[in-house]
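Notes follow once the structure below has been shown.
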Amino acid sequence: MLKKWSVRSRALVGLAGLVLLVLPYILVNSPTFVVAGNTIALGTDTASYAVVAAVGVLSLVLLLGRCGQLSLATGFFVGAGAYLSMIFTIELHAPFPVAVVGAGVCCGLLGALLGLPALRIRGTYLALVTITLAAVFPALVRLPAIKEWTGGSNGLLLPGVPEAPDWLPIADAPRLLGRIPVIGPFYIGDRPLSSAQAGTVWTYFAVLLAAGLVFWLVAGITRGRIGRALTATRDHEVGSAASGVNTARLIVTTYGVSSAVAGISGGLYAAVFRIVAPETFGLTLAIYLLFGLILGGQRSAWGAVIGGIAVAYLPFLTGSIQHVPGIPARFLSGPTASLLLGILLVVLALLIPGGVVDPERSARRRRDRAVRATKDESPPHDGPTMGEEPSASPMTSNLSGAERSATTMIAERNGHQQ
Amino acid sequence: MELLLARLFDGVANGTLYASVALSLVLIYKATALINFAQGEMAMVGAFLTYVLAVELNLNILVALVIAMVASALFGVVVHRTIISRFDEHEHLPVVLVTLGLLLALNAFVAILFGYDTRRLPSLLPQGSAVQIGSANLRWYTLGVLVVSVGVLALLTILLRRTNIGLAFRAVATNTESARLVGIPVSRVITLSWAIAAAIGTLAATLYVSDPLRQLDPLVMERVLIFAAAAAVLGGLDSLWGSLAGGLLLGLSESLVTGYVSWIPPELGMVVALICLALVLLWRPSGLFGSVQVARV
Numbered sequence: 096m097l098k099k100w101s102v103r104s105r106a107l108v109g110l111a112g113l114v115l116l117v118l119p120y121i122l123v124n125s126p127t128f129v130v131a132g133n134t135i136a137l138g139t140d141t142a143s144y145a146v147v148a149a150v151g152v153l154s155l156v157l158l159l160g161r162c163g164q165l166s167l168a169t170g171f172f173v174g175a176g177a178y179l180s181m182i183f184t185i186e187l188h189a190p191f192p193v194a195v196v197g198a199g200v201c202c203g204l205l206g207a208l209l210g211l212p213a214l215r216i217r218g219t220y221l222a223l224v225t226i227t228l229a230a231v232f233p234a235l236v237r238l239p240a241i242k243e244w245t246g247g248s249n250g251l252l253l254p255g256v257p258e259a260p261d262w263l264p265i266a267d268a269p270r271l272l273g274r275i276p277v278i279g280p281f282y283i284g285d286r287p288l289s290s291a292q293a294g295t296v297w298t299y300f301a302v303l304l305a306a307g308l309v310f311w312l313v314a315g316i317t318r319g320r321i322g323r324a325l326t327a328t329r330d331h332e333v334g335s336a337a338s339g340v341n342t343a344r345l346i347v348t349t350y351g352v353s354s355a356v357a358g359i360s361g362g363l364y365a366a367v368f369r370i371v372a373p374e375t376f377g378l379t380l381a382i383y384l385l386f387g388l389i390l391g392g393q394r395s396a397w398g399a400v401i402g403g404i405a406v407a408y409l410p411f412l413t414g415s416i417q418h419v420p421g422i423p424a425r426f427l428s429g430p431t432a433s434l435l436l437g438i439l440l441v442v443l444a445l446l447i448p449g450g451v452v453d454p455e456r457s458a459r460r461r462r463d464r465a466v467r468a469t470k471d472e473s474p475p476h477d478g479p480t481m482g483e484e485p486s487a488s489p490m491t492s493n494l495s496g497a498e499r500s501a502t503t504m505i506a507e508r509n510g511h512q513q
Numbered sequence: 044m045e046l047l048l049a050r051l052f053d054g055v056a057n058g059t060l061y062a063s064v065a066l067s068l069v070l071i072y073k074a075t076a077l078i079n080f081a082q083g084e085m086a087m088v089g090a091f092l093t094y095v096l097a098v099e100l101n102l103n104i105l106v107a108l109v110i111a112m113v114a115s116a117l118f119g120v121v122v123h124r125t126i127i128s129r130f131d132e133h134e135h136l137p138v139v140l141v142t143l144g145l146l147l148a149l150n151a152f153v154a155i156l157f158g159y160d161t162r163r164l165p166s167l168l169p170q171g172s173a174v175q176i177g178s179a180n181l182r183w184y185t186l187g188v189l190v191v192s193v194g195v196l197a198l199l200t201i202l203l204r205r206t207n208i209g210l211a212f213r214a215v216a217t218n219t220e221s222a223r224l225v226g227i228p229v230s231r232v233i234t235l236s237w238a239i240a241a242a243i244g245t246l247a248a249t250l251y252v253s254d255p256l257r258q259l260d261p262l263v264m265e266r267v268l269i270f271a272a273a274a275a276v277l278g279g280l281d282s283l284w285g286s287l288a289g290g291l292l293l294g295l296s297e298s299l300v301t302g303y304v305s306w307i308p309p310e311l312g313m314v315v316a317l318i319c320l321a322l323v324l325l326w327r328p329s330g331l332f333g334s335v336q337v338a339r340v
C-alpha cells in the first residue's frame with residue numbers, strides 16, 4: 096500500500112535528514128543572535144527537547160486524533176515514564192536505554208489498564224476524569240510512601256554525565272563538517288568537541304534515533320488495516336463494530352500504545368535534562384502537549400513533529416525575549432509562555448481547527464486537482480463507457496465494487512497516510 | 044472525638060465550596076454537554092477583582108463581591124458568545140482545548156499582573172466560633188459557607204423549576220433540537236447559563252479565599268477545580284444536588300483521610316480525590332445521582 100515517493104519529497108526528506116545531522120554541531124557552539132536588543136542563545140538541549148515533545152504529541156495524535164478518545168492523561172504518562180526510567184537506572188542499575196524501554200512497557204500496561212474503565216465513559220466526561228489524573232501526578236510522586244524512590248519534592252538526579260561512545264566519531268566530526276561552505280567556518284569550526292559538548296551531541300543523536308524508531312513503529316501500526324479500523328471507530332463506533340472491528344480491543348490497545356509512547360517520551364526527557372521534579376509534569380505539561388497537537392494537526396505524525404518543535408521553542412523564545420517596544424517588561428518576564436500559548440490555543444482552534452498538517456484538507460485538495468486534470472483530458476462523454484476501468488485509485492483496483500467505494504471513502508478521510 | 048468533630052467541620056466547609064464550583068460545571072454541562080475547564084480560573088479572576096475592589100479601592104467587601112460577580116457573569120457571556128458558540132456543539136475536542144487554553148492564559152495573565160505573592164482578603168463572614176465543643180470549633184465561617192452554598196443551590200433549583208427561564212433551560216438540557224423547534228432561544232439560554240455559572244464560581248472562589256486561614260494567589264483554584272471536577276463526576280454530571288453530595292463526600296473524605304491515614308499528608312489531599320473518583324466510577328460510571336446515558340443506535 097506504500098505510495099511511491101515523488102522526487103521532490105525524496106529530496107526534501109534527504110535535506111531534512113542532512114539538517115538534522117549537522118544541526119547539533121551548529122547548536123553546540125551556542126550561536127547567539129541579537130534581535131532588536133534581545134539576545135537569543137540557541138543550544139542543543141532545546142533541540143533535543145523538541146524531539147522529546149514531538150514524541151509526546153505523537154502519543155496524543157494516536158489517542159485523540161486517530162482514535163477519538165478525549166483522554167488528557169498523557170501528561171501523567173510522560174511523568175510516569177520519566178520517573179520510572181530514572182528509578183530503573185538508579186535503583187536497578189539498568190542501562191539507560193533498557194530503562195526507557197522498560198518505562199515505556201510499564202506505561203503501556205498502565206495505559207491499557209486505564210483504557211478498560213475508560214471504555215465506559217465518553218467525550219467530555221472522559222476528559223474531566225483523565226485531567227484529574229494529569230493534575231494529581233505531582234501530588235502522587237510526593238507521597239511519603241514512595242518518597243524513597245521518587246525523591247519527593249526534590250525530584251531525582253541522574254548520576255554521571257553523558258558520554259559519547261568511543262566507536263562513534265562524534266567529537267571529531269567538526270573537522271569534516273567545518274568545510275561546509277557558508278555555515279561551516281562560522282558555526283562549526285574545525286576544533287574537536289570537548290567531552291561535555293560531545294556528550295550533549297550524543298544525547299541529541301540518541302534521542303533522535305529513539306524518536307525515529309517510535310515514529311516508524313507507530314506509522315507501521317496505524318497504517319493499513321488497523322489504521323482504517325481506527326478511523327472507522329473514531330467516526331462511527333457502532334458502525335465500525337457492526338463491520339467486524341473489535342472496537343473494545345482496538346481502543347484499549349490504542350490506550351496502551353499511546354501511553355507507551357508517552358512513557359518513552361518521558362524517558363527521553365529524563366535523558367535530555369537528567370533531572371526530574373514533580374511540578375514539571377502536571378496540568379501545564381498536558382496543556383502544552385495539547386497545544387502541540389492542535390497546532391500541528393490532530394491526525395498526522397508530521398503534525399506531531401511541528402507541534403513538538405513549537406512546544407519546545409515557544410517557551411524558549413519567550414524566555415529569551417525580554418525587550419519588545421510597547422509591551423511592559425512584566426509581561427515579558429513572567430509566565431509569558433503560558434499566556435501566549437493559552438491565547439494561541441484559543442486562536443488556533445478558531446482559525447485552523449485542522450492544524451498545520453491536515454491530511455483531510457490535503458486529500459481534498461489532491462482529489463480536486465485530480466478531478467480537474469481528468470476533466471481537461473477526457474473527451475466529452477458522460478460517465479465511464481462499457482469495458483472501461485471505472486475511475487478508482489490504483490490501490491483499490493483489485494477489490495470488488497462495493498468494497499472499493501467504502502475503502503476509497505475511508506482512504507480519502509485518512510488522507511492516504513504515506 | 045473532638046478531633047473527629049474538628050475534621051468533620053473542616054470537611055463540610057471545604058466540601059460545600061467544592062460543591063459550588065462543581066455546580067457551575069454541572070450547570071453548563073446540563074445545558075450543552077460541555078465542560079468549562081477554565082471555570083476555576085475564571086472564578087480566580089473574580090476573586091482577584093473582589094480583592095482589588097475591596098482592598099485597593101476600599102469598597103465594602105459585600106459590594107465588591109457583588110460587582111465582581113456581575114463582572115464575571117459578563118465575562119462568561121463574552122466567552123460564550125465570542126468563542127464557545129462558534130464551535131459545533133457535537134464536537135467536544137475543540138471546546139475542551141479552548142477552555143484549557145483559557146485556563147492557562149487567565150492564570151498566566153493574573154500571575155503577570157499580581158505575581159505569585161499571597162494576599163489576604165477581608166473576611167466576608169463573621170469571625171470566631173459559633174459553637175465550641177471541647178477543642179473543636181464550629182466556626183461562623185463554616186456555617187456561613189454551608190448556608191450560602193445550599194442557598195445558591197436552592198435558588199437555582201427554584202429558578203429551574205418555577206420560572207419560564209428555568210423551563211426553557213430544562214427544555215434545552217433535555218433536547219436542544221426540539222427546544223429550538225418550539226421557539227426557545229437556545230443560544231440565549233446557554234449564554235445565560237454561562238453567566239450564572241461564572242457568577243456562582245466567583246462567589247465560591249471569594250468565599251474560599253476569604254477563610255482567614257487561606258490566602259489568595261493565582262494558583263489557589265487549580266486544586267479547587269480538580270476537586271470540583273471530581274465532585275461533579277461523583278455526584279453525576281447532570282445533577283445539581285448531586286454536585287452537593289459529591290462535594291461533601293470529597294470534602295469529608297479529604298479531611299478524614301488526610302487526618303487519619305498517615306501515608307497521605309494533608310497537602311496531598313488531591314490523591315484522595317483521585318481515589319474516590321476511581322472507586323465511584325468503577326461502581327457507577329455516571330456518578331451517584333447522574334442519569335444513566337442510553338445510546339440508541
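Note that the protein sequences, when read in sequence, are chains A and Z.
In this note's numbering, each number is its position in the first sequence, counted from 1, plus 95.
In this note's numbering, each number is its position in the second sequence, counted from 1, plus 43.
Positions of the beta carbon are idealized from the N, C-alpha and C atoms, including for glycine.
Chain-ordered neighbours of residue i on chain Z, where CB pairs are closer than 9 Å
i	result
R425/A	I155, L156 and G158
A148/A	Those within 9 Å of A148/A in chain Z number zero; the least Cβ separation is about 16 Å.
Heavy atom of the ligand MG within 7 Å of residue i beta-carbon
i	result
V263/Z	Summarising the ligand content, the structure contains no ligands, and the ligand MG is consequently not present.
Delimiting residues of the alpha helix (DSSP H) encompassing residue i
i	result
A97/Z	Unbroken run through A97/Z: none, as it is neither H nor E.
I121/A	V102 to L122
S236/Z	V229 to V252
Q175/Z	Here Q175/Z belongs to no alpha helix (DSSP H); instead the beta strand (DSSP E) covers S172 to I176.
I226/A	G218 to V236
V130/A	Note, V130/A: premise wrong, no alpha helix (DSSP H); beta strand (DSSP E) at T127 to V130.
D160/Z	Unbroken run through D160/Z: none, as it is neither H nor E.
A168/A	Element bounds for A168/A: n/a, residue is neither H nor E.
D140/A	T139 to L155
Neighbour flag for residue i against chain Z, beta carbons, 8 Å
i	result
A222/A	yes
T219/A	yes
I382/A	yes
I216/A	yes
I226/A	yes
R286/A	no
Range of the contiguous beta strand (DSSP E) that encloses residue i
i	result
V442/A	First-last for V442/A: T431 to L446, but that is the alpha helix (DSSP H), not the beta strand (DSSP E).
S342/Z	The structure shown has nothing for residue 342/Z, since chain Z only spans 44 to 340.
V141/Z	Premise fails: V141/Z lies in the alpha helix (DSSP H), H135 to F157, not in any beta strand (DSSP E).
N133/A	N133 to A136
N180/Z	A179 to R182
Test: residue i CB closer than 8 Å to a CB of chain A
i	result
P137/Z	yes
A272/Z	yes
I126/Z	yes
V323/Z	no
V113/Z	no
I208/Z	no
C319/Z	no
Contact under 8 Å by Cβ, residue i with residue j
i	j	result
L445/A	F386/A	no
V259/Z	R162/Z	Before going further, note that residue 259/Z is Leu rather than Val in the sequence given. Against a cut-off of 8 Å, the Cβ pair of R162/Z and L259/Z comes out as a contact.
T185/Z	F52/Z	yes
G294/Z	G54/Z	yes
G362/A	A177/A	yes
D471/A	G392/A	no
P257/A	T298/A	yes
G174/A	F232/A	yes
A273/Z	T227/A	yes
E84/Z	L164/Z	no
Chain-ordered neighbours of residue i on chain Z, where CB pairs are closer than 7 Å
i	result
R237/A	L311
P212/A	L324 and L325
Under 9 Å from the C-beta of residue i: neighbouring residues of chain A
i	result
E265/Z	A230, G377 and L378
Chain A contact residues for residue i, given Cβ-Cβ distances below 8 Å
i	result
A316/Z	T227 and V231
Checklist line | chain A contacts made by the region 290 to 312 of chain Z, where a contact means CB separation under 9 Å | finding: So the close ones are S305, W306, I307, P308, E310, L311 and G312.
Next item on the list: Check each residue of the region 58 to 79 of chain Z: if its Cβ is closer than 9 Å to any Cβ of chain A, include it; give the result in chain order.
Entry: Cβ proximity to chain A below 9 Å picks out L68, Y72, A76, L77 and I78 from the region 58 to 79 of chain Z.
Check: Going along the region 430 to 456 of chain A in order, which residues come within less than 9 Å of chain Z, judged by CB to CB distance?
Finding: Answer in chain order: P430, T431, A432, S433, L434, L435, L436, G437, I438, L439, L440, V441, V442, L443, A444, L445 and P448.
Next item on the list: Could you please tell me which residues of the region 89 to 106 of chain Z, in chain order, have their CB closer than 8 Å to any CB of chain A?
Entry: Against chain A - using a Cβ distance shorter than 8 Å - the region 89 to 106 of chain Z contributes no residues.
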